[in-house]
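Remarks on the structure that follows.
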Amino acid sequence: MRTLVIDNYDSFTFNLAHYVGGMSGVAPTIIKNNEAGWNLSVLEDFDNVVISPGPGSPSEAKDFGICADVIRQAQIPVLGVCLGHQGICHVYGAQVVPAPGIFHGRASLVTHAGDVLFRGVPSPFSAARYHSLAVADLPDELEAIAWTEGEVLMGVRHRSRPLWGVQFHPESIGTVHGPRILRNFMRLTHETSPLHGTRVHWHRPDRRVAMRRLPFEVPAERAFAALYADARHAFWLDSSRTGEQRGRFSFMGDASGPLARVAEAQVDCRSVVVTSNAGREVVEGPFLDWLDHDLHAHRAEVPDLPFDFALGWVGYLGYELKVECGGELAHHSRHPDAGMIFADRAVVFDHELREIYLLALVDNGDTASATEWFDRTRRSMEELAAPAPDDVEDRDTPSGSPGTLDEGKLRHDKEHYLELISACHKEIDAGESYEICLTNMLHGTGTFRPWAAYRLLRRRNPVPFGALLRFGPLSVLSSSPERFLRVGADGAVESKPIKGTRPRSQFAPEDERLRMELANDPKDRAENLMIVDLVRHDLSQCAEANSVRVDPLFEVESYATVHQLVSTVHAQLRPDRSAVQCVRAAFPPGSMTGAPKIRTMQIIDGLEEGPRGIYSGALGYFSLTGAADLSVVIRTIIMTENEVYFGTGGAITTLSDADAEFEETAVKATPLLDLFGIEFPTSEGGGTTDDPGVDRESSRHLRQGYLHDREHDS
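Take the sequence shown: its letters are residues 1 to 714, numbered as in the UniProt record's numbering.
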């Protein structure tokens, strides 16, 4: 079966495509609604068409593009979803008007009339909805086939042509019978033979990873202090919350090895600066293209290891790298948009079995330097494992202050932030977005000691995805609880988006009340569902057919200062896709943008008055095995000797209360506030004029221009 999917720039399109491909055995062809060179004759190559959801209105050509012509002319079955459904109705003369209520990520009971599209589906059934517009005044050519209890039209079909539309989202994980509805549509045409593929593994026979295992334990913090605390470029992927499977291993290293390199990129330069022992090289082109090519060129033979990191690139991808992933360049970060260390040596801690692995990359059989490093590092570890003399101060107790924060200011003070939330609500009401992840930035000046600060941070906020990165004067101190994306060496993919937060209480009954409140709150579940569906869409772009699934959905995880609502999305990477390509399809993390992602990022660009920088991006590794594991850069301090940055924010939906959203940003800033003993700023000194990350004039013009466009569009 050959299916054409028309993408209206929505963040759930690939969820539809994933289901369609799994049902037919053939990956659908996906084109944008403004596809260059489009001609209706293309339809002769397909058996049916699916028109995706999307932002905006079907009455606007920029929002609906070629879809209207397809609806008018196609002689093959067409299914319109959400915006596609509204478009079918609009083409035949119906009115598309504001819905009686805005439903984004919320479920409703839908009653149907027994049409073939709903064969085998109970009536009523629960369906996930994402819309602020609805259809009214249906013309005679169209027949209503489904509706809500409130009589909002949920399904339609043409009386004489093979056209169907559904207002709800059958591809959502929140629509239990969605796959059956899609299968009913797909059965209208014949099936073709399924495609098969075999995963390809690359390796370089002239490079291999050598390994030594040390059958004893050393505290990871003690080891980093001895080995890397003074290194100019260093990393520690730190599972300080070790009582669970995903916190089993920690990795650390630096850029001092013979094959080590450091790569940095600024997106507006479209080049990568790579520094090694051989000197400095500038490589033209997008960073992610370069990274993907470099990883393929440096695959190596690896020993049998209980973890996927077998050396490779470690570092961060900043939010502004969205330019390489479908976003636009609205702001310029003062820090590199990507920073990576090629680790040719690493120390790995197995917290479960209490042992240590030493890894070293060997080139062309030259084992001498690796052997020397193994021996030297083992001696260091044996010394660190030995009991300290009685007259030596406790070496595992943090010494020294993290520094002093003289002044801290918000990019957007409370009054301004509430205004931005109001602007978000207007965009959502207009149908431009379902959910907008609005953020703020706290910038402070003072005198800071990154290593001392991180030692305190990891004690107070133990998490499975903690990290310390050092790039010369720049340090990244992360206590992130959220996994952005893990791609195993076997191609297994996992993402764990977080949406929904409550503070912890020191009193057990109140703490449990807060946890249960989070678990059952409709607003938090709606926020989480929207991002889950977005992540499913993102992963479906690189996943094998029918491999994307969610388990568990809406699980509460508790950390030192907050409870979080977490869901887990799984997939299997296609054999012709790499970990970098999978990350690119999902970047920036959906939990930091909202949905639909592209349009929502444009809205964010017009509202936030400066770059997010490293915050909201991703942090972790790309291994020589083809694996990757990255966290979302949240609860993270960006620090130099004299400046500190801390981003915080939350998802704005139609159910959001502005004051509560601002308070949530304060709760999420607890790691920084506690570290320096300060209060969260509100209006006092919290203006926007002193933020060095902001080009004030261009930011104002961008925002005014964007809002003008929206007013013109409406």
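Ideal Cβ positions, reconstructed from N, Cα and C, are used throughout, including at glycine.
Under the three-state reduction of DSSP, which class applies to residue i: helix, strand or coil?
i	result
TYR417	helix
ASN15	helix
ILE614	coil
MET1	coil
TYR9	coil
PRO100	strand
ALA579	helix
ALA627	coil
ALA231	coil
PRO28	coil
GLN266	strand
GLU302	At residue 302 the sequence reads Val, which differs from the Glu that was named. Reduced to three states, the DSSP call for VAL302 is coil.
PRO503	strand
THR593	coil
ASP674	helix
ASN440	strand
ALA225	helix
How long is the line joining the alpha carbons of residue i and residue j, rounded to whole angstroms?
i	j	result
THR561	PHE12	33 Å
GLU555	SER631	18 Å
PRO77	ASP7	17 Å
TRP451	GLY466	14 Å
GLY114	SER591	37 Å
PHE64	ILE71	11 Å
ALA586	THR593	11 Å
ASP137	LYS62	24 Å
GLY87	ILE604	27 Å
ASP294	PRO28	30 Å
GLU383	VAL323	48 Å
ARG187	ASP308	41 Å
VAL267	ARG599	20 Å
VAL362	PRO473	30 Å
PRO286	SER271	6 Å
ALA627	PHE224	24 Å
PRO552	THR682	37 Å
GLY54	HIS169	11 Å
TYR4	ASN33	Checking the displayed sequence, the identity of residue 4 turns out to be Leu instead of Tyr. Going by the C-alpha atoms only, they are around 12 Å apart.
ARG222	HIS233	18 Å
Output the boundary residues of the alpha helix (DSSP H) element that contains residue i.
i	result
PHE287	287-297
TYR645	No alpha helix (DSSP H) contains TYR645, which is instead part of the beta strand (DSSP E) from 643-652.
HIS570	Run containing HIS570: none in the alpha helix (DSSP H); it sits in the beta strand (DSSP E), 569-572.
HIS85	83-91
VAL70	67-73
TYR319	Looking at the DSSP string, TYR319 is not in any alpha helix (DSSP H), and its letter there is neither H nor E.
SER240	Where SER240 is concerned, there is no enclosing alpha helix (DSSP H), given that its DSSP letter is neither H nor E.
ASP63	61-64
TRP147	Counting along the chain, TRP147 falls outside any alpha helix (DSSP H), though it belongs to the beta strand (DSSP E) covering 142-148.
Within the continuous beta strand (DSSP E) that includes residue i, where are the two ends?
i	result
ALA128	125-136
ILE341	338-343
PHE471	465-471
SER271	271-276
ASN546	Looking at the DSSP string, ASN546 is not in any beta strand (DSSP E), and its letter there is neither H nor E.
GLU281	279-284
PHE251	249-254
HIS158	153-158
ARG208	204-214
Among the candidates the options, whose CA atom is the shortest distance from the CA of residue i?
i	options	result
ARG159	SER108, MET530, TYR92	TYR92
HIS416	ASN440, ILE428, SER401	ASN440
GLY165	VAL116, ARG207, GLY150	VAL116
ARG459	MET381, ASP238, THR367, PHE484	ASP238
LEU457	LEU672, GLU141, ILE341	LEU672
GLU301	LEU329, PRO286, GLY365	GLY365
SER172	LYS426, LEU227, ALA229, VAL550	VAL550
ASP400	ALA543, GLU407, PHE448, GLU432	Looking at the sequence itself, residue 400 is Gly, so the reference to Asp does not match. Closest option to GLY400, Cα to Cα, is PHE448.
TRP373	ARG354, SER240, ARG345	ARG345
HIS85	ASN48, THR111, LEU163, ARG119	LEU163
HIS537	GLY80, SER52, ALA263	SER52
Would you mind giving the Cβ-Cβ distance between residue i and residue j, rounded to the nearest angstrom? I have them listed as a contact below 8 Å.
i	j	result
ALA146	GLY174	Actually they do not touch by this definition, with Cβ atoms about 16 Å apart.
TYR559	VAL463	6 Å
VAL476	THR636	6 Å
SER211	PHE235	Sequence inspection shows Met at residue 211; the Ser mentioned does not correspond to that position. With 8 Å as the limit, MET211 and PHE235 do not qualify as a contact, their Cβ atoms being about 19 Å apart.
HIS104	GLU435	6 Å
TYR621	VAL314	5 Å
THR654	ALA669	25 Å between Cβ atoms; not a contact.
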